[in-house]
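I have placed the structure first, in the form of structure tokens, so that the comments after it can refer back to it.
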Amino acid sequence: MAQKKPDLSIEFCGKKYINPFLLSSSPVSNSAEMVERAFDAGWGGVVFKTLGSDRLRIDHPSPRMNSMTVGTRKMSTVQNVEQITDRPLKDNLMELLYLKKHYPDRRIIHSIMGFADKEWEYLAKMSEDHGADTLELNFSCPNMTIEGSGDQAGKSFYDIEHYTSIVKRAVSIPVMAKMTPNITDMTETAMAAKNGGADAISAINTVSGITGINLDTLVPQPEVFGRGASSGTSGPGVKPIGLRFISDMAKDANLNLPLSGMGGIETWIDALEYLLVGASTLQVTTGIMHYGYIIVQDMIEGLTDYMASKGIMKLDNLIGSTLPKLGKTDLFDLDRQGVVEYDLDKCVGCGQCLNVCTDAGGQALKWDDETRRPELNEDKCLSCMLCSFVCPVSGLIKYKAMPEGWKRNETAIRDPSLEKELKYEPYVHDGDDGCLV
Amino acid sequence: MGISDVKDRFKQMPPGMNMDQAIVEAERCLLCHDAPCSKACPAGTEPGEFIRKLRLRNITGAIRTIKSNNILGGACGVLCPTAELCERECSAMMASDENPGGSDKAIRIGDIQRFLVEHSREIDFQPVEVEESGVSGKIAVVGSGPAGLSCAAEVSKLGYKATIFEALAEPGGVLRYGVVPFRCDTDFVEKEIADVTALGVEIKCNSPIEGKAAAEDLLKQGYDAVFMAPGLWGAYALQDDSANIDGCYSSVDFLASIRNENFDNIISDFKGKTVAVIGGGSVAMDCVEAAARLDTTDVNLIYRRSYTQMPAEEIERIEALQHGINFYILHQPTEFLKDGNKLTGLKLVRTKLGEPDESGRRRPLLIEGTEWDMPADIVIEAIGNKAVDDSSDWYPNVKVDGKKLIVAESETGATSVPGIFAGGDIVRGPALVVEAVQDGKVAAKAIHEYLSDKE
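Structural data, given as structure tokens:
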């Protein structure tokens with residue numbers, strides 16, 4: 001009997017998604033023609049490029065993007081200066097009707113951005129009237145040239161709550177607020193959205209940043225006719241930031257809202273990590289910019305096979321699974337220590353381990369010039385693991401937990417004779433002013 | 438085929454890497470702690486260092502590493518048998534106890550080296566400068582091949598005035614006259630030489646230092662030291678009268694005429710002919726490849742040992758096979774066949790391999806009764822170069838060995854005559870360009886020490 005296949009479908013804000021993979025609101029969701037191709041490739045839904053009311057004209061800067069290459073890895077981080085849609089609302093609504101009509105099993109989320117109370121209300125109603133399954137409120141675009149909009153609103157608790165409540169009063173479909181990472185604590189901005197009535201949170205929008213500077217003109221890139229700006233960066237480089245904010249919100253019992261995660265997702269592994277820290281739908285742009293819509297097939301296949309290998313048949317059973325093991329550093333068991341261990345039969349003799357251990361680790365390695373192999377002194381190993389990161393052979397260098405009570409040698413003093421010159425006196429703690437512990 | 442079409446086949450070497458390809462290779466590099474590639478370079482070109490610099494986008498620094506260690510680093514990138522040198526030691530082959538042969542290819546060090554040198558020209562970057570050391574002195578260099586160019590560049594960097602005396606019409610020695618242009622083209626060679634003259638080196642062409650004690654006389658003419666690097670321009674031959682046979686060429690003459698673009702004569706001599714090339718080294722491969730480009734009917738390579746004993750690089754052998762050269766291995770030519778003075782073929786005898794000889798390769802043994810006649814219109818002998826017969830007369834007090842090779846100390850290049858140093862093929866016998874470069878470096882350092890002690 002054929003084994004039952006894991007089910008990637010999920011319910012989000014009361015709507016059924018065939019899989020958790022959505023196009024995020026961006027250049028990859030700019031037209032029906034594009035989204036149609038994405039749906040044909042297998043995407044479960046779309047957050048369409050943010051709609052505006054046509055009251056204020058939107059012009060995109062040119063050129064629109066810059067890419068940061070790290071080694072041979074192109075687009076490790078991408079910087080864009082796009083704003084919301086530059087298409088007329090009427091055209092966009094027709095596009096959305098087309099998608100609704102031809103892809104009834106896919107979820108169509110309208111992203112909207114107003115520049116006044118009534119404008120938010122108007123856009124929300126227009127969207128509801130044209131079949132939006134859910135709304136996403138864009139409080140987070142860092143590139144808006146219109147004062148007070150985008151992530152400027154998203155950094156204001158008042159604005160977030162105020163606009164969310166206006167939209168909530170205007171429509172009955174679910175409302176999701178999209179958060180900017182250009183703040184310190186997203187649970188607070190998300191709570192403002194919840195206070196305004198938001199049903200879900202999506203995050204992260206792009207991180208404001210500078211990916212490069214033209215060394216001849218000295219202008220930051222993308223260089224828009226002699227000017228540059230910190231603007232929205234995305235891609236694999238921002239994944240740690242996205243995972244952090246999603247997990248922060250997922251762990252916040254007061255917030256307790258469904259989360260749509262994004263930021264650097266391009267493989268099933270990235271996607272799974274977002275699910276594990278509490279996202280239940282996933283949005284992608286930069287991965288598509290790099291590889292095209294086809295990547296959804298690899299995410300679906302990879303995630304399905306992973307779930308099958310772990311005997312997990314429902315996506316719901318994965319969501320947030322990492323959270324109980326994620327906490328603050330003060331919960332670490334600092335009594336337990338470990339070292340690295342080397343499987344030298346696999347060693348190719350490059351000595352990068354020696355280099356990093358000597359200059360950035362515990363000076364725990366020596367080099368045998370004859371055999372061209374490292375020799376480890378376990379007592380000095382800091383278990384920083386740097387050697388395992390630079391080693392070209394996967395699995396050669398592994399972590400080894402040492403028995404309870406094992407301690408490493410203290411770092412040797414370069415010149416013990418200097419003790420006679422010491423003016424050292426031990427710190428004596430008295431008084432409780434400002435004392436943490 | 439017109440002459441200009443044939444000419445075009447010789448003009449240029451295949452294009453090298455571009456920046457993207459070089460970076461892909463640099464990213465593969467394991468940045469070895471004790472860079473075995475660097476240890477394997479006879480001239481200390483430091484591939485481990487220049488690849489790390491490329492990896493960290495210090496591209497001008499990478500060029501500086503190459504050119505300050507090896508002024509002919511571009512030519513070495515093109516001509517070095519890298520698979521036998523730096524690349525043979527490369528850890529990126531991922532060889533381990535579990536995977537003894539390795540599962541991957543070596544970093545393409547020679548190609549990266551060539552790219553970086555070509556890139557220096559594209560960005561007009563001059564990596565090597567003369568040091569303000571306050572020394573003065575005149576150094577005469579005999580021969581503008583790799584050893585001479587290297588020595589002249591090194592002494593100039595130290596502040597000496599170097600003058601190279603070149604017997605032929607253009608500088609470069611074997612770089613120009615001993616290698617076919619489609620392996621290392623004239624434009625490329627001239628740019629390498631320009632990096633030497635940019636240091637203030639003067640090259641006097643058509644200026645042979647020959648005749649009675651001519652080389653030693655340079656010391657009397659005001660030069661403070663002399664570096665002898667005339668190379669080996671005599672050719673070994675099957676018979677003493679080879680040169681007089683109509684249809685018989687030495688590799689030296691054949692390759693020089695290709696470089697001189699005497700195509701009118703060459704094409705009429707070679708078109709539609711059967712050519713036999715005797716030899717198994719890189720020069721023999723250059724000769725067969727060149728002959729194949731001359732609208733010949735058949736090009737036969739005749740080598741007395743087997744395929745694996747050939748001194749030519751593996752890639753050269755494979756390319757020759759792919760270009761339709763017929764390899765007659767295990768064949769010893771014993772005699773030219775003639776009709777009057779016109780060559781008609783070669784008498785060949787089959788051989789088998791016996792015990793290893795002094796070169797470590799198994800010795801070819803003639804198999805009796807296997808003689809046969811191979812028809813050929815042209816024979817090119819590429820069986821090795823030797824010192825010009827009267828060369829030792831140019832330096833009568835300098836000690837030479839039985840093959841008329843100059844006896845010089847390997848650590849200094851010093852000869853038996855104080856102030857006269859030597860390097861390259863005239864000392865080593867036929868050797869690599871990169872080894873000649875090293876001889877020039879070593880001698881330059883020794884010359885500096887010699888002149889410093891003298892003061």
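These protein sequence lines are chains S and L, in that order.
Per our numbering, the very first residue in the first sequence carries number 1; after that it's consecutive.
Per our numbering, the very first residue in the second sequence carries number 438; after that it's consecutive.
Glycine is no exception: its CB is placed at the ideal position from the N, C-alpha and C atoms.
Any Cβ of chain S within less than 8 Å of the Cβ of residue i?
i	result
L/Val461	yes
L/Ser889	no
L/Ala532	yes
L/Leu731	no
L/Leu468	yes
Could you spell out where the alpha helix (DSSP H) holding residue i opens and where it closes?
i	result
L/Asn737	Unbroken run through L/Asn737 is the beta strand (DSSP E), 735-739; no alpha helix (DSSP H).
S/Thr286	286-291
S/Leu457	This structure does not reach residue 457 of chain S, given that chain S is present from 1 up to 437, and the question cannot be answered.
L/Asn763	No alpha helix (DSSP H) holds L/Asn763; the beta strand (DSSP E) holding it covers 763-765.
S/Ser208	Not the alpha helix (DSSP H): S/Ser208 falls in the beta strand (DSSP E), residues 207-209.
Check the Cβ-Cβ distances between residue i and every residue of chain L, and say whether any is below 8 Å.
i	result
S/Met1	Any reading at S/Met1 must be qualified, since the residue scores a pLDDT of 44, below 50, and its modelled position is unreliable; no value is offered.
S/Leu354	yes
S/Cys141	no
S/Pro392	yes
Mind checking which residues open and close the beta strand (DSSP E) that includes residue i?
i	result
S/Met176	175-178
L/Tyr686	685-687
S/Arg107	107-112
L/Gln759	Here L/Gln759 belongs to no beta strand (DSSP E); instead the alpha helix (DSSP H) covers 751-759.
L/Gln658	Element bounds for L/Gln658: n/a, residue is neither H nor E.
S/Leu365	365-368
L/Ile817	815-818
L/Lys775	768-776
L/Ala599	598-602
S/Phe12	10-12
Let me know if residue i comes out buried or exposed under the rule of 16 or more other beta-carbons within 10 Å of its beta-carbon.
i	result
S/Met1	Summary for S/Met1: the model assigns pLDDT 44, below 50, so the residue's position carries little reliability, and this model does not support an answer.
L/Asn875	Sequence inspection shows Gln at residue 875 of chain L; the Asn mentioned does not correspond to that position. Its Cβ being crowded by 16 or more others within 10 Å, L/Gln875 is buried.
L/Ala880	buried
S/Gly14	exposed
S/Gln221	buried
L/Gln658	exposed
L/Leu612	buried
L/Trp809	exposed
L/Ala680	exposed
Name, please, each residue of chain L whose Cβ falls closer than 8 Å to the Cβ of residue i.
i	result
S/Trp268	Result: empty, since nearest Cβ-Cβ is about 25 Å, beyond 8 Å.
S/Pro462	One cannot answer for residue 462 of chain S here, as it falls past the ends of chain S, which runs 1 to 437.
S/Pro236	In chain order: nothing, as chain L lies at least about 16 Å away.
Anything in chain S within Cβ reach of residue i, meaning under 9 Å, just list it in chain order.
i	result
L/His885	Neighbours of L/His885 on chain S: none; closest Cβ ~31 Å, over 9 Å.
What residues of chain S sit near residue i, judged by a beta carbon separation below 8 Å?
i	result
L/Asp471	Gly351, Trp367, Asp369, Arg372
Could you list which residues in chain L have their beta carbon closer than 7 Å to that of residue i, in chain order?
i	result
S/Gly71	Glu464
S/Cys347	Ser533
Whose Cβ in chain S lies nearer than 7 Å to the Cβ of residue i?
i	result
L/Ser528	Val348, Gly349, Cys350
I'd like to know if residue i contacts chain A, where contact means its C-beta is closer than 8 Å to some C-beta of that chain.
i	result
L/Gly877	The structure shown contains no chain A; the protein chains it does contain are S and L.
Check your understanding: Taking one C-beta from the segment 700-715 of chain L and one from the segment 584-602 of chain L each time, how about it: are there three or more such pairs within less than 8 Å?
Key -> no
Practice item. Could you tell me whether the segment 291-306 of chain S touches the segment 326-336 of chain S, using the rule of 3 or more Cβ pairs below 8 Å? Key: no
Practice item. Answer yes if the segment 68-85 of chain S comes into contact with the segment 457-470 of chain L, meaning at least three C-beta pairs across the two stretches below 8 Å, and no otherwise. Key: yes
Check your understanding: Is it a yes or a no for the segment 382-401 of chain S touching the segment 332-343 of chain S, going by three-plus beta-carbon pairs under 8 Å?
Key -> yes
Check your understanding: Per the contact definition of three or more C-beta pairs closer than 8 Å, is the segment 102-110 of chain S in contact with the segment 15-32 of chain S?
Key -> yes
Review point. Counting pairs of Cβ atoms below 8 Å between the segment 749-768 of chain L and the segment 663-678 of chain L, do you hit three or more?
Key: no
Check your understanding: Does the count of Cβ pairs from the segment 537-551 of chain L and the segment 568-584 of chain L closer than 8 Å reach three?
Key -> no
Practice item. Check whether the segment 739-753 of chain L touches the segment 765-782 of chain L, counting contact only when three or more Cβ pairs, one atom from each stretch, lie closer than 8 Å. Key: yes
**Study point:** At least 3 beta-carbon pairs within less than 8 Å: the segment 314-324 of chain S vs the segment 428-436 of chain S
**Key:** no
Check your understanding: Touching or not, the segment 812-823 of chain L and the segment 711-722 of chain L, by the rule of three or more beta carbon pairs under 8 Å?
Key -> yes
Check your understanding: Does the segment 508-519 of chain L touch the segment 398-418 of chain S, meaning 3 or more C-beta pairs lie closer than 8 Å?
Key -> no
Check your understanding: Do the segment 79-87 of chain S and the segment 58-70 of chain S meet, that is, are 3 or more Cβ pairs less than 8 Å apart?
Key -> yes
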